[in-house]
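Beneath this line is the structure, given in structure tokens, with notes to follow.
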Amino acid sequence: TKCSSSERWQLFDVANSMVSERRLKVTSALKTALDKGEFSLYMQPQVNLSTGKVHGAEGLLRWEHPELGQVPPDEFIPIAESSGMIYSVTEWVIEQGLHYQKQIVELYPNHILSLNISGKDLAKRELTVQLITLINEFNLNPRQIILEITESVTIGKEANLKEVVDDYRRIGIKVAIDDFGTGYSSLAYLSQLGFDELKIDKQFVMDIESSRTNQTICKATCDMAHSLGSKVVAEGIESLASYTRLQGFGCDFGQGYFISRPLGFDEYLVWLNKATR
Ligand code: C2E
Ligand code: CA
Ligand code: CA
Ligand code: CA
539 TKCSSSERWQ LFDVANSMVS ERRLKVTSAL KTALDKGEFS LYMQPQVNLS
589 TGKVHGAEGL LRWEHPELGQ VPPDEFIPIA ESSGMIYSVT EWVIEQGLHY
639 QKQIVELYPN HILSLNISGK DLAKRELTVQ LITLINEFNL NPRQIILEIT
689 ESVTIGKEAN LKEVVDDYRR IGIKVAIDDF GTGYSSLAYL SQLGFDELKI
739 DKQFVMDIES SRTNQTICKA TCDMAHSLGS KVVAEGIESL ASYTRLQGFG
789 CDFGQGYFIS RPLGFDEYLV WLNKATR
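Heads up, the sequence shown is in the UniProt record's numbering, so the first residue is 539 and it goes up one at a time.
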């Protein structure tokens, strides 16, 4: 049976109102999520591709709500950003992440921790202050902390981005360009920003074996980044074939389901123990 156009509009309205209803629910649940302790910071291991040894981990946020269940960060981070709640989320991530790093370096002194920072927060003075305070309090090495900012943040608007990045690097904190290849920034522009690490987006890595184009992109990214003096991380390594392929391209570090899924902190400690034995 065919829908009349007015029926189709009704369906469209229903679908639309379901989307905004969900958004409202997520927004209001987000307001109390921190206080209720519903967030956790998972750790996804990163390995050195040339030695196979543990490099460190990327912290990835998880939110478990009693009624909504697991809400993915791709859904709630943009909502937190547009509703003015992202800064308190970022603060929580930094506090939790550096707390974990403090515990980890007691056992593994060279461990590197990467944290995702929303472009909205990067230039906040309070963020720099919080980082310096915790780094001192926990006696951490800032060179073992990396802030990941997405490539899209580097495009346009942020005129003072270079100053902000310079400030972090002066403290010793490293900066990584995340999701590289998904935006339209030129490497020339990125290089004058002065970043430490380039993360190749998983869309190029996941099916690297079946796509010559993706192989070319990954290889070229490794070569360019290296000649600019920065390291390369591949995310989304799902198979041994991709692992060895990226190794062959001289990619420095890798993460992905083939190595490990993101793990809760206790599970991560168990993983580290096995991986370093
Ligand atoms: P991202 O920073 O690009 O993180 C990589 C995403 O790929 C993560 O999704 C991770 O779980 C997933 N992943 C890792 N290995 C594989 C693999 O082998 N195959 C596939 N298919 N996926 C893999 P996740 O955890 O759902 O996070 C999604 C995005 O949410 C992140 O993308 C990041 O942009 C954002 N996000 C996560 N945690 C935070 C946070 O603490 N702060 C901020 N501002 N954003 C965060
Ligand atoms: Ca990231
Ligand atoms: Ca990424
Ligand atoms: Ca991403």
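Think of the CB as a built atom: it goes at the ideal place given N, C-alpha and C, for glycine as much as any other residue.
- DSSP places Y580 within a strand segment (E or B) once states are collapsed to three.
- The beta-bridge partner set that DSSP reports for I687 consists of I715.
- From the listed residues G792, F742, R815 and V808, the smallest Cα separation to E596 is found for G792.
- With the criterion CB distance below 6 Å from any heavy atom of ligand 3, the matching residues run D716, D717, K737, D739 and E773 along the chain.
- Remark: the C-beta of T759 is outside contact range of ligand 1, defined as less than 7 Å to any heavy atom.
- In its chain, beyond the 5 residues on either side, P680 have a beta carbon closer than 6 Å to the beta carbon of I673.
- Pairwise C-beta distances place the segment 612-621 in contact with the segment 552-572, as three or more of them are shorter than 8 Å.
- Contact annotation: the segment 661-675 touches the segment 704-718, with at least three C-beta pairs closer than 8 Å.
- Given a length threshold of 4 residues, each whole run of the alpha helix (DSSP H) inside the segment 694-775 is given here in chain order: 699-709, 725-731, 740-743 and 750-765.
- For the segment 596-638, the continuous alpha helix (DSSP H) assignments of 4+ residues that do not extend past its boundaries occur at 611-620, in sequence order.
- Bounds of the beta strand (DSSP E) holding L653 are I650 to N654.
- For the 8 Å CB-CB criterion, G657 and V691 form a contact.
- Between the alpha carbons of Q730 and I746 lies a gap of roughly 29 Å.
- Here V592 is bridged, per DSSP, to V585.
- Cβ contact annotation for Q639 (same chain, cutoff 8 Å, sequence separation greater than five): H649, L651, F676, L678, Q682 and I683, in chain order.
- Measuring C-alpha to C-alpha distances from K769 to each of T782, C789, Q785 and S777 identifies C789 as the nearest.
- Residues E776 of the same chain have their beta carbon placed closer than 6 Å to that of Y795, with the five preceding and five following residues left out of the count.
- Here DSSP, grouped into helix, strand and coil, assigns F550 to helix.
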